[in-house]
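K.L.:
Protein sequence lines, in the order shown, are assigned to chains A and B.
Heads up: the first sequence begins at 710 in this note's numbering, then just goes up one per residue.
Heads up: the second sequence begins at 710 in this note's numbering, then just goes up one per residue.
Beta carbons: idealized from backbone N, C-alpha and C, even for Gly.
I am attaching a structure below and will ask some questions about it afterwards.
Number of protein chains: 2
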Amino acid sequence: KISESTIRRLSKYYRSLEQLIARNTDTVSSDQLAEMDGITSAQVRKDLSFFGTFGKRGLGYNTRALKEQIGEILGLSKEWRVAIVGAGNIGKALVNYGEFRKQGFQVHLIMDSDHGKVGQTIQGLTVESTDHLPQLIKKQRIEIAIIAVPSEAAQRVADELMEAGVKAILNFAPISIKAPEGIQVKNENTAIEIEALSYFLTNQG
Amino acid sequence: KISESTIRRLSKYYRSLEQLIARNTDTVSSDQLAEMDGITSAQVRKDLSFFGTFGKRGLGYNTRALKEQIGEILGLSKEWRVAIVGAGNIGKALVNYGEFRKQGFQVHLIMDSDHGKVGQTIQGLTVESTDHLPQLIKKQRIEIAIIAVPSEAAQRVADELMEAGVKAILNFAPISIKAPEGIQVKNENTAIEIEALSYFLTNQG
Ligand SMILES: NC(=O)c1ccc[n+]([C@@H]2O[C@H](COP(=O)([O-])OP(=O)(O)OC[C@H]3O[C@@H](n4cnc5c(N)ncnc54)[C@H](O)[C@@H]3O)[C@@H](O)[C@H]2O)c1
Ligand SMILES: NC(=O)c1ccc[n+]([C@@H]2O[C@H](COP(=O)([O-])OP(=O)(O)OC[C@H]3O[C@@H](n4cnc5c(N)ncnc54)[C@H](O)[C@@H]3O)[C@@H](O)[C@H]2O)c1
């Protein structure tokens, strides 16, 4: 069973490889990849061999082939249909987030429970009402949903999404969403990111 | 040199310990902590011994003592003064993010270059102009800054922040910020989080 940090490293290797390819670099060593991502080359080799990828002695890895392979593992060679629940600050920021589109994640639906927001357009997408969540999720064939509502509404929204057939949820609300086996919930918490900075300032700054 | 993923795990242990303490649990084993965070108990013991923390054979770790110790390591026993540059969707969402305050990160300043936004109040905080960034950063004794502006403005804003004495930056713009030794920049990228979901759907869903 792959750990969360291994998958995260794969996403980082993918981006490092994109940069190398943009500079017309054909091969990369595990040392180089490790340095670009602030980890050990042993970790790089361990991660990649786990997925059956082995570099050539003395040559390293072919950047384009490796990027393609990691892309396959991460599911980036297909387009994913995404819905956002909650058209507030976070929801609006995500409708237009270029990185999502670039990696193949297309927001097809945004919903809110506030009738004052329903009907507004955000980047060409009309805010729909959560009154029709199940129908809209099915009609838009949504595969991944993002929860961007206040904490008190988050679990209920998650339940409705799962009932409508969504199997993967990215949750921004600061609560732990309960979900059965077979449903993947990822909790996004910017406080964890900022703690890496307070760690740095405390131990080195 | 501690890896990014180790620090991230410390933040997760901290939250797991908070939950255990809230349930009046006095001790926890590395197995239990590992299970709560989806990793191996060997990893837990390795992380904690790195910081000189050793559980008692058969008993495990004292939850309150361990949480306090991890809090010290992460720098959570002090209040941090935070500034946000960019009063758009992301900036506004972060002014009010309860998790920041809960962990001791207080937003004292929010700035924007759009004079139409300067003077508006967000959660009681007045949007200031980036024309006065250096003075405001010093006056407010800002320690950590968050960049929530479009990509094209991000590096310039980072340079101004560093020149004003900020040593730690959390960057939301989808570019890699260049910074000298001694300055820590953390790049926040929600696309990496959503890729963990496409990985799941591709390999198990
Ligand atoms: N993970 C992070 O790093 C992070 C950062 C900032 C905010 N947040 C969290 O993200 C969430 C959204 O933050 P925000 O600043 O965008 O809040 P916001 O108040 O601007 O937006 C919330 C939106 O959700 C809608 N809503 C409420 N209940 C709903 C329901 N049952 N169904 C559908 N829509 C509903 C509201 O009408 C509103 O439009 C909050 O839980 C906040 O704590 C997380
Ligand atoms: N990391 C992530 O997961 C993630 C998610 C969504 C958006 N983003 C990024 O975050 C950034 C902000 O997104 P948003 O949706 O809040 O955008 P936004 O357009 O709503 O807000 C940007 C704000 O920055 C201000 N600004 C522009 N140039 C400035 C400068 N030089 N100094 C000060 N302020 C300036 C604008 O006036 C505006 O108020 C963008 O770069 C976006 O790509 C990141």
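Which whole-angstrom value is the C-beta distance of A/Glu808 and B/Pro859, which I expect to be below 8 angstroms?
P.N.:
Contact doesn't hold; Cβ gap of about 13 angstroms is too wide.
K.L.:
Would you kindly report the start and end of the unbroken beta strand (DSSP E) that includes A/Ser739?
P.N.:
Segment 739 to 746 is the alpha helix (DSSP H) holding A/Ser739; no beta strand (DSSP E) there.
K.L.:
Whole beta strand (DSSP E) runs in the region 734 to 811 of chain B with 3 or more residues, listed along the chain?
P.N.:
Fully enclosed beta strand (DSSP E) runs of 3 or longer: 789 to 794.
K.L.:
What is the DSSP secondary structure of B/Gln815, reduced to helix, strand or coil?
P.N.:
In this structure, B/Gln815 counts as strand in the three-state DSSP scheme.
K.L.:
Whose C-alpha, out of A/Gly761, A/Leu757, A/Arg766, A/Arg810, is nearest the C-alpha of A/Leu785?
P.N.:
Ranking A/Gly761, A/Leu757, A/Arg766, A/Arg810 by Cα distance to A/Leu785 puts A/Arg810 first.
K.L.:
Output the distance between the C-alpha atoms of B/Ala905 and A/Lys895, rounded to the nearest integer angstrom.
P.N.:
Approximately 8 angstroms between the Cα atoms of the pair.
K.L.:
To the nearest angstrom, how far is the alpha carbon of A/His841 from that of B/Gly833?
P.N.:
Spanning the two alpha carbons is a distance of roughly 35 angstroms.
K.L.:
Would A/Ala731 pass as an interface residue toward chain B - the criterion being a Cβ-Cβ separation below 8 angstroms?
P.N.:
For A/Ala731, the answer is no, since every Cβ of chain B falls outside 8 angstroms of its Cβ.
K.L.:
From B/Thr835, B/Ser822, B/Glu777, pick the residue whose C-alpha is nearest to that of B/Ser725; which is it?
P.N.:
Comparing Cα positions, the closest option is B/Glu777.
K.L.:
Specify the secondary structure class of B/Asn912 as computed by DSSP and reduced to three states.
P.N.:
If DSSP states are grouped into helix, strand and coil, B/Asn912 belongs with the helices.
K.L.:
Can you tell which of B/Gln864, B/Gly769, B/Lys887, B/Arg718 has its C-alpha closest to the C-alpha of B/Gly780?
P.N.:
The shortest C-alpha separation from B/Gly780 is found at B/Arg718.
K.L.:
Let me see if you follow: with CB-CB separation under 8 angstroms, is A/Lys826 close to chain B or not?
P.N.:
So, not an interface residue.
K.L.:
Give me the residue from B/Gln812, B/Ser720, B/Ala792, B/Gly764 with the minimum Cα distance to B/Lys848.
P.N.:
When each option's Cα is compared against that of B/Lys848, the closest is B/Ala792.
K.L.:
Going along chain A in order, which residues have a C-beta closer than 8 angstroms to the C-beta of B/Leu783?
P.N.:
Ordered by position in chain A, the residues that pass the 8 angstroms Cβ test against B/Leu783 are Glu904, Ser907, Tyr908, Thr911.
K.L.:
Between B/Val866 and B/Val794, is the Cβ-Cβ spacing less than 8 angstroms?
P.N.:
A contact, by the Cβ cut-off of 8 angstroms.
K.L.:
Report yes or no: is there a C-beta of chain E within less than 8 angstroms of the C-beta of A/Glu872?
P.N.:
Among the chains of the structure shown, chain E does not appear; the protein chains present are A and B.
K.L.:
Chain A partners of B/Gly807, CB-CB under 7 angstroms?
P.N.:
Chain A residues near B/Gly807: Pro883.
K.L.:
For A/Asp735, count the other beta carbons within 10 Å of its own beta carbon; 16 or more makes it buried, fewer makes it exposed. Which is it?
P.N.:
A/Asp735 is exposed by the Cβ-count criterion.
K.L.:
Any C-beta of chain A sitting closer than 8 angstroms to the C-beta of B/Leu775?
P.N.:
Output row for B/Leu775: interface = no.
K.L.:
Would A/Ile846 pass as an interface residue toward chain B - the criterion being a Cβ-Cβ separation below 8 angstroms?
P.N.:
False, the Cβ-Cβ gap to chain B never drops below 8 angstroms.
K.L.:
Which ranges would you report for the beta strand (DSSP E) in the region 826 to 883 of chain B if only whole runs of at least 3 residues count?
P.N.:
Listed in chain order, they are 834 to 838, 853 to 856, 877 to 880.
K.L.:
Just checking my contact of A/Leu742 with A/Thr762 at CB under 8 angstroms: how many whole Å lie between their CB atoms?
P.N.:
In fact, because the Cβ distance is near 11 angstroms, the residues do not count as touching under 8 angstroms.
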